[in-house]
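For what it's worth, this note's numbering labels the leading residue of the first sequence as 1230, then goes sequentially.
Ideal Cβ positions, reconstructed from N, Cα and C, are used throughout, including at glycine.
Shown next, in structure tokens, is the structure this report addresses.
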Amino acid sequence: MERWTKEHEARILEQTRAGGFTVDWSRYRYTLDAASVRATREAFVRLYRAGLIYRGERMVNWDPRLRTAISDLEVLHSEEDAELVYVRYPWADGTPGGIEVATVRPETIFGDVAVAVHPDDERYRSLIGRTVRVPMTDRTAPVIGDPLVDPTFGAGALKVTPRHDPVDREIGLRHPELPTPVEIFDDRARLTGAWVPSDLHGLDRPTARARTIERLTQDGVLLRREPHRHSVGRSERSDEVVEPRLSTQWFVRMPPLAEPVVAAVRAGAIRIHPDRWNPTFFRWMEGLQDWCISRQVLWGHPIPVEHCRTCGHVEVDLAPAERCSQCGSRDLTPDPDVLDAWFTSWLWPFAILGWPEATADLDRFYPTQLLVTGRDIMFFWVARMMMAGYYFTGKPPFTDVYFTGTVRDERGRKMSKHLGNSPDPLDLIRERGADALRFSLVFPNPTDEDGPYGRTALDGGRNFLTKLWNVVRFAGPYVPTGDRAPPVPELTDAAALEHRWILARYRRTAEEVDAAISAFAPTRAASALHAFLWHDVADRYVELSKEALSGRLGEPAQRDARATLAFVLERSLRLLHPIVPHVTEELWHALPHPEGLLATAPWPSADEAPADPEAELAMEPVLEAIRLLRNVRAEEGIAADATPRGWIRPSNSEVLEVLETARGAIVRLAKLGALELLPADAAAPAGAGSRIAPFGECYLELPGRSAGPSAALVREREMLAALLAKTDGRLADAGFRARAPPEVVAEAEAKARELRERIRRIDEHMSGTASPGAAA
RNA sequence: GGGCUCGUAGUCCAGCGGUUAAGACGUCGCUCUCACACAGCGAAGAUCGCCGGUUCGAAUCCGGCCGAGCCCA
């Protein structure tokens, strides 16, 4: 047992280290170390003295393979196919006939003490009080009335086996006149005891069921059998069908512990994220059953109780008693059971800080802030920690809980040992790196939902990090060196829009990351950084500024580009660092940076970069023009190495001005031979491929042929026409004009105008009658 | 049996009263262009599960139905 523990401990620690978790290793703790033993014992004694722990005979979930009681939470219910067996219980006085009983568990007939019917059931009311003979036995049993019986199930009559079914137990308790039931199963759920014929002793449940059916058939009391699907409870650990069994166990009284927790969550003292789990949480908390904390297993904290063999007194104290406090006897025997492991775990948030001592750690770090854990242990652990927190310390153990979903395989199945579809994180780390693994867990699928995980996600993470690596590698030779973090660039060349634009985009990204983290939405933060670094920085900004970086545009332009690139990359690495610590740390050292580690560098404040909506807006026509010209290239099948001439006719002078400054970039990125910017009243170039955008028109020379009617243009016109019809429809609606807010109406009117204009321009092109000055 | 949650392109998922419904993966073209083919460029692909209601206006709010998942008994 020791060895097994050590091996698994080592493996978990290795996974934690390899995964790059930032952990205070000096506070490493184990649930069975001396301090945990002390805290566990203290908790038990306090609850016992407060009357919140009791020992009692209750119906518990018994795992016959592990031979221990388990808690309700450890039982997994699922629908399984079974057989409903109809059996006649003959009248004890020998009158022909009898009463028909349906059961899925004929092997428990030996434990019957009664047959119960619903007191209002017309079919059976007159039979209440008569006596039947229990099949296969010499015993008799009365027919009783009890409202717990479901008259619609089976034949409407229920066999009552109080030691082996919770409902039957309840009925038994309500009918004290019934004989005391005898147990018919041993701790392995094999038939045993005085009520079972000796030749059946020792049979397990499936065998017993088969033999019972045979015997009932021989006896002529088996009426019929029909297939029946019902819910079966299995032990989470052994997968064995749980046997309800009446036994003496230790329990914690839950309702008094739950009350302050429900109040705290309702009042917002503890917040659950995402908050859609609140209903589930409350529903469970408000219907709590007492917690069975004793286990009949080898490994665990012993129950800190001794029983006096002389007088039966129970000793419960912080230290084992020498003698019985009641009768003075020295003949004390320890309780044979151990505690449910969760009984130690639920103390964890304060036990690790030294509780029950009033330590400095406890004072400083408790309550803690955030618990991140899997939703599957919401009840086992999280809710119980809250209860223990309030009960033992009067405070919440944490102020926020973030529930992650369960990772599934790529086919959407739960990962399980049985299916063999759960990869070892160490293998994934060896294969693709710890950061690829980390990134793929937050992107693209939300961390708080059950999502598929596999090759695709992992490779996606690896690809993104490769991209990041390459961008920094590209930037390396250009960025200035230095021993401080790049400052916010002071741009000298005001006309170079791309720098202003990327800084504005950076600011938006940083704001989104901050907002996402505050909202406990790590996936949103990762998405924002992914989109920014890959598409804005790598695909657009780097391409746009290559010319300036090279120095071909002169020294001031180069300086602006270098400073901006350095700033954007350095800050982005800081924002990305919590998600992918290893790669960002490494790359950070390739950029200008202060002494020390990225891990300890301060979190960048989003507002150091200027918000610049004008730059963002102005950049749109540039990027759009490049896209449209490339689109014509691709659609018209222009050779990759061809450099056709291009024209843009902007619809107003501001756009013209912006495009003028970006002319070089457009030429390069659209691979043009030359780009001419046409005045609004110029004629459209003849025979060129064209695209109509809100900001103006783009033309591309089609070498060696004339442009046919463009399919893309036709599609575009259809789309715009449909949109215009929709918008016009809205505007024609008197209700819309009367009731919608004026700004919405104005927006719709502006949209209709713009659409009409664009359609007109498309029509001109398609009829080949584009005329100068018509756009005014 | 009860409850909760979720149904949006082939897949995963964002949006949660007024945008040409965002993105990622996959698919289809073109390209090994001096950071990156683990890539670049371009494109196609969604009547937002179904029916009804509220509203000038619904993917978004309400009700019902169907389907899936989870939790509890």
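Quick check: the Cα distance between residue 1512 and residue 1735, rounded to an integer number of angstroms? 44 Å
Go through the stretch 1874-1905 residue by residue and report every complete run of the alpha helix (DSSP H) that reaches 4 residues or more, in order. For the alpha helix (DSSP H) assignment, the uninterrupted runs of no fewer than 4 residues enclosed by the stretch 1874-1905 are, from N- to C-terminal side, 1882-1890, 1892-1898.
Residue nearest to residue 1767 in terms of C-alpha spacing, selected from 1270, 1804, 1695: 1695
Determine, using beta carbons only, whether residue 1378 and residue 1400 come nearer to each other than 9 Å. Yes. Within cutoff.
Tell me the DSSP bridge mates of residue 1314? 1332, 1454
Exposure of residue 1727, with buried meaning 16 or more beta-carbon neighbours within 10 Å: buried
Of the listed residues 1382, 1412, 1320, nearest to residue 1367 (C-alpha basis): 1320
For residue 1553, which residues in the same chain have their Cβ closer than 7 Å to its Cβ, ignoring the five residues on either side in sequence? 1537, 1539, 1540, 1542, 1544, 1561
Contacts around residue 1248, its chain only, beta-carbon distance under 8 Å, and the 5 residues preceding and following it disregarded: 1654, 1658, 1663, 1666, 1667
Smallest Cα separation from residue 1599: which of 1825, 1396, 1615? 1615
So residue 1816 and residue 1943 are supposed to be a Cβ contact under 8 Å. How far apart are they, rounded? About 47 Å separates the two Cβ atoms, so there is no contact after all.
Taking the continuous alpha helix (DSSP H) assigned at residue 1787, which residues delimit it? 1784-1805 is the extent of the alpha helix (DSSP H) around residue 1787.
Looking only at its chain, what residues have a beta carbon closer than 6 Å to the beta carbon of residue 1273, apart from the 5 residues adjacent to it on each side? 1533
Bridge partners - residue 1388, DSSP secondary structure assignment: 1344
Between 1346, 1292, 1330, 1371, which lies nearest to residue 1322 when the distance is taken from Cα to Cα? Comparing Cα-Cα distances from residue 1322 to each of 1346, 1292, 1330, 1371, the minimum goes to 1371.
I need the boundaries of the alpha helix (DSSP H) containing residue 1700, first residue and last residue. 1684-1704
Could you tell me the boundaries of the alpha helix (DSSP H) in which residue 1577 lies? Where residue 1577 is concerned, the enclosing alpha helix (DSSP H) stretches over 1577-1580.
Spatially closest choice to residue 1901 from 1988, 1868, 1589, by CA coordinates: Of the candidates 1988, 1868, 1589, the one whose C-alpha sits nearest the C-alpha of residue 1901 is 1868.
For the beta strand (DSSP E) containing residue 1288, list its first residue and its last residue. 1282-1292
Can you give the Cα-Cα distance for residue 1336 and residue 1349, rounded to whole angstroms? Near 29 Å, if we compare the C-alpha coordinates of residue 1349 and residue 1336.
Below 6 Å CB to CB, which residues in the same chain sit around residue 1258 once its five sequence neighbours on both sides are set aside? Excluding residues within five positions, the ones whose Cβ falls inside 6 Å are 1581.
Could you pull the start and end residues of the beta strand (DSSP E) that residue 1629 belongs to? 1627-1633
Would you kindly work out how many angstroms separate the C-alpha atoms of residue 1799 and residue 1714, rounded to a whole number? 7 Å
First and last residue of the uninterrupted alpha helix (DSSP H) at residue 1374: Looking at the DSSP string, residue 1374 is not in any alpha helix (DSSP H); the run it does join, the beta strand (DSSP E), is 1369-1374.
What residues in its chain sit with their C-beta under 7 Å from that of residue 1722, if we drop five residues either side in the sequence? 1785, 1786, 1789
Residue 1476 - partner residues in DSSP beta bridges: 1287
Is residue 2028 buried or exposed, if buried means 16 or more other CB atoms sit within 10 Å of its CB? Absent from the structure is residue 2028, since the part of the chain shown begins at 1230 and ends at 2005.
Expressed to the nearest angstrom, what Euclidean distance is found between the alpha-carbon atoms of residue 1678 and residue 1633? 7 Å
In the DSSP output, which residue or residues are listed as bridge partners for residue 1361? As DSSP reads the structure, residue 1361 sits in a beta bridge with 1320, 1370.
Comparing alpha-carbon positions, which option in 1622, 1621, 1591, 1631 lies nearest residue 1607? 1631
Mind checking residue 1524: buried by the 16 CB within 10 Å criterion, or exposed? buried
Bridge-paired residues (DSSP) for residue 1501: 1630
Which word fits residue 1719, buried or exposed, when buried means at least 16 other C-beta atoms lie within 10 angstroms of its C-beta? exposed
Whole angstroms are fine: how far does the CA of residue 1692 sit from the CA of residue 1661? 10 Å
Return the chain-ordered list of same chain residues with a C-beta closer than 6 Å to the C-beta of residue 1610, the five sequence neighbours on each side being excluded. 1574
Classification of residue 1230 by the beta-carbon crowding that lies within 10 angstroms, buried from 16 upward: exposed
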